[in-house]
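If you use mature numbering (1 follows the signal peptide of the UniProt record, and there is no 0), the sequence shown corresponds to residues -30 to -1, 1 to 526, in order.
All C-beta atoms in this analysis are idealised placements derived from N, C-alpha and C, irrespective of residue type, glycine included.
Taking it in order: structure first as C-alpha cells, then the write-up.
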Amino acid sequence: MERRPLHLHLLLLFFSAWLMLLPLLQGVSSLQFRRDDFPDGFAFGAGTAAYQYEGAAAEDGRTPSIWDTYTHSEMYMINYDKLYYAAHKNAENSAASGRHPEDGTGDVASDGYHKYKEDVKLMTEIGLEAYRFTISWSRLIPSGRGAVNPKGLQFYNNMINELVKAGIQIQVVLYHSDLPQSLQDEYGGWINPKIVDDFTAYADVCFREFGDRVAHWTTVLEPNVMAQGCYDTGTLPPNHCSYPFGSNCTGGNSTVEPYLFIHHNLLAHASAVRLYREKYQVAQKGIVGINIYSLWFYPLTDSAEDIGATERAKQFMYGWILHPLVFGDYPETIKKVVGSRLPFFSNHESELVTNAFDFVGLNHYSSVYTSNNNNVVKAPLQDLTADIATLFRATKNDTPTPEVITDSIVSAENYKTYGNTVDPQGLENALEYIRENYGNLTIYIQENGSGAPDGTLDDVERINYLQKYIAATLKAIRNGANVKGYSMWSFIDIYEIFGGYNSWHYGLVAVDFGSTERRRQPRRSASWYSDFLKNNAPIRVEMAPLSLQPLMLNSE
C-alpha cells in the first residue's frame, strides 16, 4: 500500500475538521423533535375567520358587516382588480387572468355555515387539538346591539357542540374587521367612543351564551396592522383614508383615525376583559386576551438611520398595543412622533387597560428588512405611514413599500416573497423581544402558515415552512418563552383578504371554489400534520438563524 506523506495526512485531517465545523460556522443547527416534546397543556390547532369561512352572507337573519359593504363596493373592485391582475399578470393560462365578480366577496366563502359538521369531522381525522374561529357580530346581533338572532345563536351553538363532541379545544375570537354596518352608519364605528359599550354588550352575549363550553377568548385580531389598512391607506374595510395619503376611499381622515381606532380597540378590549373577570371567569374558568400581528424586522444596513427606523417599526408593531396593556400608556416613541393627534388615557382608562389580558395572541408569518424612509417630510398634517417613516422589503433587493402589510403584498413585483419569507429565527426573536420589553407574557401563536397561488395538493413547501416554525416555537419555549399553543393558518382554503379565492391558498384542506358544493380535499400537509399530532412522528429540521430564505411559492 502506498504511504502518504505526513503533511498530506495533516492536511486531510484539517479539511475534515473544517467541513464538520462549517455548518456551525454558518449558523446552521439541526433539531429533531416530536409532539410529546411540547409541555403539558400545549395545544396544536388551526384556524379560520367568519367572513372568510362561513359564507351565507344574507341567510337566516345575518345583516351586512363593513366587510360585506366594502367587497360589494366600486372602491373595492378597483383595489381588488389591482391586486388580482398583479398576482396573475404572468399567468400563462388566459382563463386565470380574468375573474368572476363573486371572486371578490365572501358571500359564499368556504360555505362553512352549511358544512361545519363535515369540517369538524375533517379536523378529527387530522387530529387537531384546538380550533380557532371568529364569530360574526352581525350574524349573532344583526343590529349591532339589542336583540340576538336565534338562527345565528343556533349556528354557533351547533358548531361549538360538534367541537365539544369531537374533544377539540374551542378558541373563539370576537372581532376580525367585520363590524356590523349599522354601527358604522350610525356613529362611525371604531372611531367613536360609543363602540366601547356596544362591543362590551356583544362580548357579554358571547360569554353568557357560549362560556359554559368556551374557555379561551380573544377580543380582537390584528388591530396593530388593521389601523393602517382600514383607516390610513383604505385598502381594508371600512375603506377610510384621506387625500393625499390614500386613494379610492369613501371618506376618512388618515391623520387621526388610525389612532382613534387603536384607542377605542384597547378600551373596548379592556372593558370586555373587566366584564369577563367580574361576571364570568370564576364560574367558567376561562381566559381572555388580545391578538397582534407580528413581523420581525432586520435593519437593511447598520446605519443609525436604519437601526432607528427598525426600532420605530417595532414600537408601532408591538408597543402600540402591548405598552398600554403592560404599563398603562403608549410608548414614548409613539407619543413623540404623533404628538397631539394621539388620544390620551385618563387615569381611570389607564387603570382599566393595565394588565387587562390573560394572554397575547400572535399572528406571525415572516420577517422583513427595514430602512429609514428618507422621503418622509415633516408636515403639519401627516398620516400613520409617515409617522412610522420606515420602508419594508422581503429581501434586500426587493422594491420597498412604506406599508407594513397591505396591498403591496401582491401588487408589487415581489408579491411572491413579501410576507412569505422563511425565517423561523424571526419568530424566536419576536418572542424574545416581547419577553425582554414586556415580561414573560403567556403567548399563543394564533396564526402561522404559508400560502401558494397554485393550490397544489402536494404542498411540500408548506410542510417545510411549518416544520421550521414549529421547531422555532419549541426552541423559544426551551429558552424560556411562555408559549402555550400553536395554531396554523389555515385549517381550510378560505376567501383571502388579498386575493379572493384564486390567488392564495393556505389551507391544510383544499376547497374547490369552482364547485357549487365547495368540495373539500385534504392536502399532503394535512396528512403530515396528522402524523405529527396523532402518531407522535418525529420531525427533523435544519435551521439557519438570521438567514432569510425566500419561500418559492410555485415552480415558475
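Alpha carbon of residue i to alpha carbon of residue j, nearest angstrom
i: E398; j: K445; result: 8 Å
i: G331; j: I140; result: 15 Å
i: T443; j: D174; result: 33 Å
i: W459; j: G17; result: 6 Å
i: L(-19); j: Y476; result: Since pLDDT at L(-19) reaches only 46, below the 50 mark, its modelled position is unreliable, and the value read off the structure follows with that caveat. Taking the straight line joining both Cα atoms gives about 48 Å.
i: E44; j: W37; result: 13 Å
i: Y21; j: A238; result: 21 Å
i: A240; j: F267; result: 28 Å
i: P120; j: S108; result: 12 Å
i: D393; j: D155; result: 42 Å
i: A441; j: I404; result: 19 Å
i: H334; j: F327; result: 19 Å
i: K284; j: A242; result: 27 Å
i: G455; j: A349; result: 44 Å
i: A136; j: D463; result: 21 Å
i: I232; j: P163; result: 11 Å
i: S152; j: F329; result: 31 Å
i: A507; j: Q2; result: 10 Å
i: T355; j: I291; result: 17 Å
i: K255; j: N452; result: 20 Å
i: D424; j: W474; result: 8 Å
i: V166; j: N410; result: 29 Å
i: E24; j: E319; result: 36 Å
Per DSSP, the bridge partner or partners of residue i
i: W459; result: G17
i: F267; result: V338
i: S(-2); result: M513
i: W187; result: V142, V258
i: E275; result: DSSP output for E275 lists no bridge partner at all.
i: F502; result: BP columns for F502 are empty, so no partner.
i: R490; result: V481
i: L332; result: I262, I415
i: L361; result: S341
i: G122; result: None, per the DSSP bridge assignment.
i: V453; result: I413
For residue i, three-class secondary structure by DSSP
i: A496; result: helix
i: V78; result: coil
i: Q139; result: strand
i: K386; result: The pLDDT assigned to K386 is 43, lower than 50, so where the model puts this residue is not dependable; a value taken from the coordinates is nonetheless given after this. Correct three-state label for K386: coil.
i: I404; result: helix
i: P228; result: helix
i: I96; result: helix
i: V134; result: helix
i: Y101; result: strand
i: K366; result: coil
i: L153; result: helix
i: G469; result: coil
i: K348; result: coil
i: G199; result: helix
i: F177; result: helix
i: F169; result: helix
i: N127; result: helix
i: A507; result: coil
i: A422; result: strand
i: T33; result: coil
Residue span of the alpha helix (DSSP H) that contains residue i, given as start and end
i: Y439; result: 430 to 448
i: T41; result: 36 to 41
i: V481; result: Run containing V481: none in the alpha helix (DSSP H); it sits in the beta strand (DSSP E), 479 to 481.
i: T355; result: 354 to 358
i: H293; result: 290 to 297
i: R4; result: Per DSSP, R4 belongs to no alpha helix (DSSP H) and is neither H nor E.
i: I464; result: Here I464 belongs to no alpha helix (DSSP H), and DSSP marks it neither H nor E.
i: H318; result: 317 to 323
i: S108; result: 107 to 110
i: I304; result: 302 to 308
Integer Cβ distance of residue i from residue j, believed to fall under 8 Å
i: W187; j: V258; result: 4 Å
i: S337; j: T271; result: Actually they are not in contact, since the Cβ atoms of S337 and T271 sit about 16 Å apart, beyond 8 Å.
i: G298; j: F315; result: 7 Å
i: A26; j: Y83; result: 4 Å
i: E512; j: S(-1); result: 5 Å
i: G204; j: G222; result: 6 Å
i: Y250; j: F177; result: 5 Å
i: L110; j: L123; result: 6 Å
i: T360; j: A253; result: Actually they do not touch by this definition, with Cβ atoms about 46 Å apart.
i: R493; j: D81; result: Contact doesn't hold; Cβ gap of about 18 Å is too wide.
i: A263; j: E192; result: According to the sequence shown, residue 263 is Tyr rather than Ala. Their Cβ separation, rounded to whole angstroms, is 4 Å, which keeps Y263 and E192 in contact under 8 Å.
i: E99; j: G15; result: 6 Å
i: Y339; j: R363; result: 5 Å
i: L236; j: P294; result: 6 Å
Host beta strand (DSSP E) of residue i (start-end)
i: E417; result: 413 to 417
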